[in-house]
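This note's numbering puts the first residue of the sequence shown at -2, with every later residue one more than the last.
From the three backbone atoms N, C-alpha and C, an ideal C-beta is built for every residue, glycine too.
Note that the structure is predicted; figures quoted are calculated from it, not measured.
In what follows, a single structure is set out as structure tokens and then discussed.
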Amino acid sequence: MTRLHNFCAGPAAMPTAVLERAREELLDYQGRGLSVMEMSHRSPTFEAIAAKAEQDLRELLAIPDNYRVLFMQGGATMQFACVPLNLLGNGGTPNYLDTGIWSTKAIKEAQHLATVDSPLANAHIAGSTRDSGYVHVPRPDEVSLSDDAAYLHYCHNETIGGLAYDYVPEVRVPEVRVPEADVPLVCDMSSSILSTPLDVSRYGVIYAGAQKNIGPAGITVVIVRDDLLDRAMPQTPSLLGWKVYADNDSMINTPPTYAWYLAGLVFEWLKHDIGGLAEMEAINRRKCEALYAAIDSSDFYANPIEPANRSIMNVPFTLADESLNATFLDEAESAGLLNLKGHRSVGGMRASLYNAVSEADVQALITFMQDFERRRG
Ligand code: PMP
């Protein structure tokens, strides 16, 4: 068996140890005589799997007790709609920071909701770096909320652009119409959650699709402060309402049980094999620093993002001679380096260095890039 070097942006590489454990337990989960995917979600065995996954995630992220952890479906894209639906029940204007493709999609969803429903839901752009080509995030003094802000949403790590915040935006409201504490910070952490430790208490809501650092596609984690669960618009469909999930242990209907189980195995791997998120961050920093150094030390490769805002998870890069793109990708694939093509909207290359991508994988990529440059540069 050969496992190749997988730099996919998502669904992304899974830790080999997790897949091995899943293989061991595939037909007969711990002597129960059946697979986890064949169990009732209401069985004590699955309830224990679900509860352990939540507990391990709470430990990894040091999630305070006044936060609920929800396991939903629909991906992060569904949360783009859930955020306004669940937070605009008391009125106010949704505020958004714009740093690229994913934050723009979230903004569009809130605006869409405005046209079908509330005239209040006219998204206010509290900061944007669109004009400078999204090569940096808005600086703290460039963030300006509307005085009736219902929440401030941002995307911590723009997966396509390879752009990440180097600070947690502050929720400062110019007028005191809404008490400051009432304006929650909402963050799309799909492509960066679990890559470093995190101070959850700075946030009202954190959400993340699973298929990068959590597990396979099909499950979405939402971490929400419990006092925010009563702000939903009344017409929110029950399957989109966070409170319904919170009140039903995320089992309002049949949850994606196998994805939930695999996410639990990933959390165990992070705790026991890696040793926690501080250790994970150290590994992740070594990985991306090695790759950025290789890019910066060459005239053949380039990354456009300002150093302070370079993503530690997604590293886009271009070749000086773009006519070599297809050859680069073909040769990379022959060398066992998969999924390096940049997103179709931006072109070029992108190496995603999620948690399950090892330092050896990154070293193999760097060696290939240097060899390619020697031969073709
Ligand atoms: N937000 C970010 C930052 C993403 O990277 C993605 C997917 N790549 C999404 C949202 C959308 O996620 P999903 O496909 O799970 O809806």
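Rounded Cβ spacing between Thr126 and Thr101 (contact assumed at less than 8 Å):
In the sequence shown, the residue the question calls residue 126 occupies position 129. In the sequence shown, the residue the question calls residue 101 occupies position 104. Not a contact, Cβ separation roughly 12 Å.
Please confirm if the segment 60 to 70 is in contact with the segment 245 to 265, defined as three or more CB-CB distances below 8 Å between the two stretches.
yes
Below 8 Å between beta carbons: does that hold for Asn154 and Tyr351?
Stepping through the sequence shown from its first residue, residue 154 is reached at position 157. Stepping through the sequence shown from its first residue, residue 351 is reached at position 354. Cβ atoms of Asn154 and Tyr351: not closer than 8 Å.
With which residues is Glu155 paired in a DSSP beta bridge?
Residue mapping note: residue 155 aligns to position 158 of the sequence shown, counting from 1. Partner(s): Leu160.
Identify the residues that DSSP records as bridge partners of Met69: which are they?
The residue given as residue 69 occupies position 72 in the sequence shown. For Met69, which the question treats as bridged, DSSP gives the partners Thr217.
Count the other C-beta atoms from every protein chain shown that fall within 10 angstroms of the C-beta of Thr13, then say buried if there are 16 or more, exposed otherwise.
Working through the sequence shown from its first residue, we reach residue 13 at position 16. By the 10 Å Cβ count, Thr13 comes out exposed.
With distances taken Cα to Cα, identify the nearest neighbour of Tyr164 among Ser189, Pro137, Cys184.
Residue mapping note: residue 164 aligns to position 167 of the sequence shown, counting from 1. Selected option, being the one with the closest Cα: Pro137.
Neighbourhood of Met346 by C-beta, 6 Å cutoff - its chain only, sequence neighbours within 5 removed
Counting from one through the sequence shown, the residue named residue 346 turns up at place 349. Correct list, in chain order: Phe314, Leu337, Gly339.
Going by other Cβ atoms of all chains shown within 10 Å of its Cβ, with 16 needed for buried, is Leu182 buried or exposed?
To locate residue 182, count along the sequence shown from 1; it is residue 185. Counting Cβ neighbours within 10 Å, Leu182 comes out buried, since at least 16 surround it.
Name, in chain order, the residues that DSSP records as bridge partners for Phe314.
Position 317 of the sequence shown, counted from the start, is the residue given in the question as residue 314. The partner list for Phe314 (beta bridge, DSSP) reads Met346.
Below 8 Å CB to CB, which residues in the same chain sit around Ala207 once its five sequence neighbours on both sides are set aside?
Counting from 1 along the sequence shown, the entry for residue 207 is found at position 210. Result list for Ala207: Pro213, Ala214, Gly215, Ile216, Thr217, Val218, Ala256, Ala260, in chain order.
At least three beta-carbon pairs within less than 8 Å, the segment 47 to 62 to the segment 128 to 136
no
Could you tell me whether the Cβ atoms of Ser349 and Ala6 are closer together than 8 Å?
Locating residue 349 in the sequence shown gives position 352, counting from the first residue. Locating residue 6 in the sequence shown gives position 9, counting from the first residue. Against a cut-off of 8 Å, the Cβ pair of Ala6 and Ser349 comes out as a contact.
According to DSSP, Arg307 sits in a beta bridge with which residue or residues?
What you label residue 307 is simply residue 310 of the sequence shown in a count that begins at 1. According to DSSP, which records beta bridges pairwise, Arg307 is partnered with Leu160.
Tell me Ser295's beta-bridge partners as DSSP assigns them.
Taking the sequence shown and counting its residues from 1, the one referred to as residue 295 is at position 298. Paired residues: none, contrary to the question.
For Cys184, does the three-state DSSP call read helix, strand or coil?
Locating residue 184 in the sequence shown gives position 187, where the first residue counts as 1. Three-state DSSP puts Cys184 in a strand.
How would you call Arg307, buried or exposed, if buried means at least 16 neighbouring beta carbons within 10 angstroms?
As a first step, residue 307 is located in the sequence shown; it is residue number 310 there, counting from the start. Under this definition Arg307 is a buried residue.
Hey, Pro91 and Ala73 are a contact pair by Cβ (cut 8 Å); roughly how many whole angstroms apart?
Sequence index remark: in the sequence shown, residue 91 carries index 94 (1-based). Sequence index remark: in the sequence shown, residue 73 carries index 76 (1-based). Going by Cβ atoms, the distance from Pro91 to Ala73 rounds to 17 Å, so no, they are not a contact pair.
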